[in-house]
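Read the structure below first, then the notes.
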Amino acid sequence: MKAIRVQSFGGEEVLELVECDTPSPGAGEVLVRVSAIGVNPVETYIRAGTYPLLPSLPYTPGGNMAGTVIGCGAGVEQQWLPGDRVYSASTRTGAYAEYAVCAADQVFPLPDIISFQQGAALGIPAATAWRGLFIRGGGRTGERVLVHGASGSVGQAALQLARAAGMEVYGTAGTDEGLSLLQQLGARVAFNHRSQGYVEEMKEKVAGGFDLILEMLANVNLERDLDLLAPKGRVVIIGSRGRIEIDPRATMGKETDIRGLSGFACTSEEMARTYRAIGLALEDGSLVPIVSREMPLAKAPEAHRLVMQSGNCGKIVLIL
Ligand code: NAP
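The sequence shown begins at 201 in the working numbering and counts up by one.
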């Protein structure tokens with residue numbers, strides 16, 4: 201089969217397209233013929249060797265793909281059947297390939313109304329959004345939520361899921377296309393995080409502050425977020441690409457919380473709950489993943505370059 205292999209950590213050029221053996225599913229595993237692969241920012245940090253958790257070399261990147269089950273290992277024949285359409289939360293052998301082996305509880309049914317490309321955009325982004333809103337963030341109906349960085353894959357899912365839960369949703373984007381997308385997705389107000397006075401504008405338009413902020417770039421925004429929170433508000437750190445200095449006193453007067461989130465810290469109980477909720481949201485149409493760009497598997501290096509740029513407004517997907 202064709203797959204992307206990384207022999208040493210480094211720049212995009214270490215993503216090489218190679219021919220290799222098709223993997224076989226062991227006990228408790230399924231083999232999936234991959235149709236589409238979601239490209240996530242974390243895969244660039246891992247490829248560069250800068251992420252705290254690194255795989256042993258060589259490895260095939262990627263956790264999120266969508267495709268068709270073609271084989272089942274011992275013990276899962278009752279759970280999955282050849283021909284089932286699925287999407288993955290993670291894989292055992294890497295998603296950037298024609299075939300991937302996954303633990304049977306790391307794949308989920310893909311409803312017929314969701315394309316493989318859209319299915320590849322679920323996984324990490326949708327699960328992160330749901331956990332950020334409802335598990336780490338403790339979000340409740342009627343609360344005011346700011347998705348700080350709502351035009352990206354996690355942010356779009358968060359906007360949709362928060363709206364469906366009856367929350368009052370606000371979002372930020374850095375381009376005109378992103379701002380109009382947020383409005384289409386139901387943001388009450390879309391703010392431009394590249395415009396000078398946008399924090400002041402938020403304070404004016406959302407008097408009382410936000411009960412919950414999902415933060416995609418904490419190293420830039422955390423200090424401002426603390427100022428924007430309502431009393432007892434929470435900020436959930438989803439993305440951060442560097443350091444920031446804050447005054448801890450800013451959490452005291454309003455008794456606000458700063459909460460971290462990592463997909464790697466998700467328990468199996470949280471995971472089951474999260475993916476059940478995502479399944480329901482896909483079925484009732486409240487969650488519709490948005491794909492911004494499709495590229496062939498061989499273009500994985502270009503996909504890694506693009507995913508780190510602003511203005512993507514949706515998921516970059518590699519297709520087979
Ligand atoms: P993405 O699709 O590339 O989206 C990035 C988002 O960040 C876009 O909405 C972008 O807006 C926004 N952004 C850019 N500059 C910003 C600023 N100054 N303030 C606020 N937002 C800004 O990435 P993603 O998949 O949604 O992931 C978002 C971040 O969360 C990434 O850093 C990723 O590594 C991280 N993440 C963490 C976890 C976890 O487990 N903790 C899981 C998934 C993702 P424009 O493009 O419109 O400027």
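Using N, Cα and C, we set each Cβ at its ideal position, and we do this for glycine too.
Query raised in the report: How close, in whole Å, do the beta carbons of Ser-288 and Val-269 come, if the pair is a contact with beta carbons under 8 Å?
Result: Looking up residue 288 in the sequence shown gives position 88. Looking up residue 269 in the sequence shown gives position 69. Rounded, the Cβ-Cβ distance is 11 Å, inconsistent with contact.
**Report entry** Any non-hydrogen atom of ligand 1 closer than 6 Å to Val-345 Cβ
**Finding:** On the sequence shown, position 145 is the one that residue 345 refers to. It does not: the Cβ of Val-345 is nowhere closer than 6 Å to a heavy atom of ligand 1.
Query - Cβ neighbours of Ala-465 in the same chain (closer than 8 Å, five flanking residues each side left out) - result: Position 265 of the sequence shown, counted from the start, is the residue given in the question as residue 465. Hits under 8 Å: none found.
Query raised in the report: For Ala-373, is the beta carbon positioned less than 6 Å from some heavy atom of ligand 1?
Result: Your numbering for residue 373 matches position 173 in the sequence shown. Yes, the Cβ of Ala-373 comes within 6 Å of a heavy atom of ligand 1.
**Report entry** First and last residue of the uninterrupted alpha helix (DSSP H) at Thr-372
**Finding:** The sequence position of residue 372 within the sequence shown is 172, counting from 1. Not the alpha helix (DSSP H): Thr-372 falls in the beta strand (DSSP E), residues 368 to 373.
Report task. In the DSSP assignment, find the beta strand (DSSP E) that holds Tyr-287 and state where it starts and stops. Result -> If you number the sequence shown from 1, residue 287 lands on position 87. 285 to 288 is the extent of the beta strand (DSSP E) around Tyr-287.
Requested in this report: Let me know if Gly-371 comes out buried or exposed under the rule of 16 or more other beta-carbons within 10 Å of its beta-carbon.
Outcome: In the sequence shown, the residue the question calls residue 371 occupies position 171. Gly-371 should be labelled buried.
Query raised in the report: Between Asp-427, Ile-519, Ser-395, Val-354, which lies nearest to Leu-461 when the distance is taken from Cα to Cα?
Result: In the sequence shown, residue 461 corresponds to position 261, counting from 1. In terms of Cα proximity to Leu-461, the closest of Asp-427, Ile-519, Ser-395, Val-354 is Val-354.
Query raised in the report: Any heavy atom of ligand 1 closer than 6 Å to the CB of Asn-173?
Result: Nothing about residue 173 can be reported from this structure: the residues present for the chain run from 201 to 520 only.
Query - Residue span of the beta strand (DSSP E) that contains Tyr-251, given as start and end - result: As a working note, residue 251 is residue 51 in the sequence shown. Taken as a continuous stretch (DSSP letters only), Tyr-251 belongs to no beta strand (DSSP E), as it is neither H nor E.
Query raised in the report: Which stretch, first to last residue, makes up the beta strand (DSSP E) that contains His-348?
Result: Residue 348 sits at position 148 when you count from the first residue of the sequence shown. Residues 344 to 348.
Report task. Could you tell me how far apart the beta carbons of Gly-433 and Thr-456 are, in whole angstroms, since I believe they sit closer than 8 Å? Result -> For this step, residue 433 is matched to residue 233 along the sequence shown. For this step, residue 456 is matched to residue 256 along the sequence shown. About 5 Å; that satisfies the 8 Å criterion.
Query - Simplified DSSP state of Asn-512, which is helix, strand or coil - result: To locate residue 512, count along the sequence shown from 1; it is residue 312. If DSSP states are grouped into helix, strand and coil, Asn-512 belongs with coil.
Query - Sub-7 Å separation of Lys-515 and Ala-236 beta-carbons - result: Taking the first residue of the sequence shown as position 1, residue 515 is located at position 315. Taking the first residue of the sequence shown as position 1, residue 236 is located at position 36. Not in contact: Lys-515 and Ala-236 (Cβ atoms no closer than 7 Å).
**Report entry** Residues of its chain near Leu-310, where Cβ-Cβ distance is below 6 Å and the 5 sequence neighbours each way are ignored
**Finding:** Within the sequence shown, the letter at position 110 stands for residue 310. Here the set comprises Ala-266, Arg-285, Val-286, Tyr-287, Gly-319.
Query - Cβ-Cβ separation, Leu-253 to Val-206 (assumed contact under 8 Å), whole Å - result: Walking along the sequence shown from the start, residue 206 turns up at place 6. Walking along the sequence shown from the start, residue 253 turns up at place 53. At roughly 15 Å, the Cβ-Cβ gap does not stay under 8 Å, so Val-206 and Leu-253 are not in contact.
Query raised in the report: Could you give the distance in angstroms between the alpha-carbon of Leu-359 and the alpha-carbon of Met-495?
Result: As a working note, residue 359 is residue 159 in the sequence shown. As a working note, residue 495 is residue 295 in the sequence shown. So the two alpha carbons sit approximately 26 Å from each other.
Query raised in the report: Where DSSP assigns a beta bridge to Val-540, which residues make up the other side?
Result: Since the first and last residues shown for the chain are 201 and 520, residue 540 lies out of range.
Query raised in the report: Between Thr-467 and ligand 1, is the CB less than 6 Å from at least one heavy atom?
Result: For this step, residue 467 is matched to residue 267 along the sequence shown. Incorrect: Thr-467 has no Cβ contact closer than 6 Å to ligand 1.
Query raised in the report: Smallest Cα separation from Glu-483: which of His-393, Ile-458, Ile-313, Trp-330?
Result: Locating residue 483 in the sequence shown gives position 283, counting from the first residue. That would be Ile-313, whose Cα lies nearest to the Cα of Glu-483.
Requested in this report: Consult DSSP for Met-495 and reduce its assignment to one of helix, strand or coil.
Outcome: Here residue 495 corresponds to residue number 295 of the sequence shown, with the count starting at 1. Strand at Met-495.
Query raised in the report: What is the residue span of the alpha helix (DSSP H) that Ser-468 lies within?
Result: For the purposes of this step, residue 468 is identified with residue 268 of the sequence shown, where counting begins at 1. DSSP places Ser-468 inside the alpha helix (DSSP H), whose first and last residues are 468 to 483.
**Report entry** DSSP bridge partner residues for Val-170 (one or two, in chain order)
**Finding:** Outside the displayed range of the chain (201 to 520) lies residue 170, so it cannot be described from this structure.
Query raised in the report: Any chance the region 442 to 451 sits against the region 294 to 302, with 3 or more Cβ pairs inside 8 Å?
Result: no
Query raised in the report: What runs of the beta strand (DSSP E), each 3 residues or longer, lie entirely inside the region 433 to 465?
Result: 457 to 460
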